[in-house]
Each structure stands twice: as structure tokens, then as C-alpha cells.
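**Student:** Same order as they appear, the protein sequences are chains A and B.
Take the first sequence: its letters are residues 2 to 133, numbered as in this note's numbering.
Take the second sequence: its letters are residues 2 to 133, numbered as in this note's numbering.
Protein chains: 2
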Amino acid sequence: MTNDTMNIRDMCAAFDVTPRTLRFYEAKELLFPIRDGQRRLFTKRDRARLKLILRGKRFGFSLEEIRQLLDLYHMDDSQATQLAKTYELAERHLADMEAQKAELEEAIGEMKTQMKWGAEKLSALAKSKPAD
Amino acid sequence: MTNDTMNIRDMCAAFDVTPRTLRFYEAKELLFPIRDGQRRLFTKRDRARLKLILRGKRFGFSLEEIRQLLDLYHMDDSQATQLAKTYELAERHLADMEAQKAELEEAIGEMKTQMKWGAEKLSALAKSKPAD
DNA sequence: AGATAAATTGACGTTAACGTAAACGAAACG
DNA sequence: CGTTTCGTTTACGTTAACGTCAATTTATCT
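Quick look at the structure:
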């Protein structure tokens, strides 16, 4: 149980990414797999981080933004000043996400309106032209 | 009133984009400004489309995806088959956006939890180390 | 008319986030 | 022991979405 690490292939399968992606994230200091000789071993921590990375990407954050945000989820006993900076960053991202949510709700509403209109148009066409 | 078009500079100011961006969108067939000689004149339709383009971008859709979606907002009396295809596309995007919203809500929740934890950590540090 | 400003058309440059291919080492397999 | 099979490193290629710059054309001002 103290040894639950995964090799690169299992990681790829578990998260549906390529080896290249994992190595790239390591190079960018988003992941920190340990080494067995030359091979990478991904820890539980890496898996938690990768999950957050992929989520961040879906929300349109850049890897660099994500890298900084990850600190919030892995804050240890670092300096208070560093902690405070990370906290501020998180506040901005939270505001960002809530704004995104509001706009998303508006867009969903508009999309539904349009689709309703489209559906009516379709049924009208179906009546006037029963056979294509 | 029948002549409410904007030149490129006013468009840029109104939507906070560069001229290059507008020309690029025209090249990609996302916008269709009319011409006064060689100059572009953006119509009300272009403005409506640009608004949707920029919104789509904020949600992480590619320009190509957006181009197809724009048809939904400008459906005229095209063929039923084309209309139906566009409608299906819209359905997928709507599902996409609603999934995005759900995940966003989850992320916001987690972020808030983390920030609460961070805030406590910060106040603890403030007490134990009043002066830096 | 000459100068200045604004817009246009190429054409090449740039950044992020990987993809892809070559060359090599180690490990497992028959 | 030879050979597939993974994994690694190094390095160049790629795509989207523009940025930037040069050369021109067109419009405006004096």
C-alpha cells in the first residue's frame, strides 16, 4: 500500500493520454514521477495532479496557469507570503470560473431558444414537404 | 437605419479585437463584411456573429466548431436535411455545455474547499509568526 | 499637389501543446 | 543468445490562432 505507483503505460490507459503528454507535463514541472532506474513511476500525488490538470484544460486554462494553481492543492508548510500569493491566484480563478458559469448559463438559455425555433421550423417543413 | 455598418476600426474598439483578427475571421468564413471599394464594412449580422464567436471561444470551442454552430443562429429557409444536421450539431453542443457546467460547479466547490483550508492555514501562520 | 493617415494584401514569425521519428538501453521471452 | 518489446532521450514537425512587418492603395488634410 505504501508502494502504489503506476508505470507510464497504465497511466496513459487510466487517463487517456499519450506517453508524450506525460513526459511533456513532467518537463513542464506539472508532474514529478519518481524513477526506477530510468523508468518513470507515477505516484498517487501525480494522479491527483493529472486529474486536476485535465480538468483545468477543459476549462480553458493554460498549462502554466494550471501549474501555479496546483500549488494550492498541494500547499505544505511553505512561507506565508508564498501561500498568500497562491491564495490570491486562486481567488482570481474562482471569480473566473463563476463568471464562466454565469455566461455558460446564458449561452445555454439562448441555445435552447434557438433550438426551439429550429425545431418548429423543422416540423413546419415536415408538414409542407412530407416526402423529400 | 438601413445603413448601419461599421468600419474595421470601430469594430475593433467595440469588441476589443485587432484588425488582423477580423480579417482572419473573414478568411475563415466566420464573418462576411461587405465592401466599399476595398474597405470592409461590417453589418449588424457580422456583429451578432462576432459576439457569438467570442463567446464560443471563451467556452473553448474551436473556430471551426463555432463556424458550423453559427449556422444555427442564422438559419434561413435552407433545406430540411441541412437544417436537421445543424440541429443535431446544436444538440451535441448543448449537451457539451451542460456537462461543462456540471463539472464547473464541481470544480468551484472543490476550489472553495481548498481555499477555506488555505485561509485557515494563513490565519494560523499569522498568529504563530506575527512579524515576518 | 504633397504629405500624412488609414486600410489592404501578402508573407513570414510566434506560441502552446503536443505528434512523430530516430537512435539507444534494458528487460523479457523462446 | 538473438530478438521483440517497452521505455527513454533528443530533436524536428505540426496545428490553431493570430502577430508583425513590408509594400501598396486609398482617403484626408493642408
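All C-beta atoms, glycine included, are put in the ideal place defined by N, C-alpha and C.
Small disclaimer: the values here were computed from a predicted structure and weren't measured.
Give me, in chain order, the residues of the same chain whose beta-carbon lies closer than 8 Å to that of ASN8 of chain B; leave out the 5 immediate sequence neighbours on both sides.
**Tutor:** ARG40, ARG41, LEU42 and PHE43
**Student:** To the nearest angstrom, report how far apart THR19 of chain A and CYS13 of chain A are at their CA atoms.
**Tutor:** 6 Å
**Student:** May I ask you to report which of helix, strand or coil DSSP gives ALA15 of chain B?
**Tutor:** helix
**Student:** When DSSP labels each residue in this structure, what does GLY119 of chain A get in the three-state scheme?
**Tutor:** helix
**Student:** Given a threshold of 16 other Cβ atoms within 10 Å of its Cβ, counted over all protein chains shown, does PHE33 of chain B qualify as buried or as exposed?
**Tutor:** Here PHE33 of chain B is exposed. Its C-beta has fewer than 16 other C-beta atoms within 10 Å.
**Student:** Hey, out of A:GLY119, A:ARG10 and A:ASP97, whose CA is closest to GLY57 of chain A's CA?
**Tutor:** A:ASP97
**Student:** Per DSSP, which one or two residues make a beta bridge with ILE35 of chain A?
**Tutor:** A:LEU42
**Student:** Compare the Cα-Cα distances from PHE60 of chain B to each of A:LEU126, A:ALA103 and A:LYS122 and report the closest residue.
**Tutor:** A:ALA103
**Student:** Can you name the residues of chain A whose CB is closer than 8 Å to the CB of PHE61 of chain B?
**Tutor:** A quick correction: the sequence has Gly, not Phe, at residue 61 of chain B. Going along chain A in sequence order, the residues near GLY61 of chain B (Cβ under 8 Å) are ARG59, PHE60 and GLY61.
**Student:** Going by C-alpha to C-alpha distance, which of A:ALA91, A:ILE67 and A:ASP47 sits closest to THR114 of chain B?
**Tutor:** A:ALA91
**Student:** Figure out for me which residue from A:ALA100, A:GLU111, A:LEU123 and A:ALA28 has the closest Cα to the Cα of ARG68 of chain A.
**Tutor:** A:ALA28
**Student:** Among A:THR6, A:ALA127, A:GLN83 and A:ARG21, which has the Cα closest to the Cα of GLY119 of chain B?
**Tutor:** The candidate whose alpha carbon is nearest that of GLY119 of chain B is A:GLN83.
**Student:** Using alpha carbons as the reference points, say which of B:LYS122, B:ILE35 and B:SER63 lies closest to TYR88 of chain A.
**Tutor:** B:LYS122
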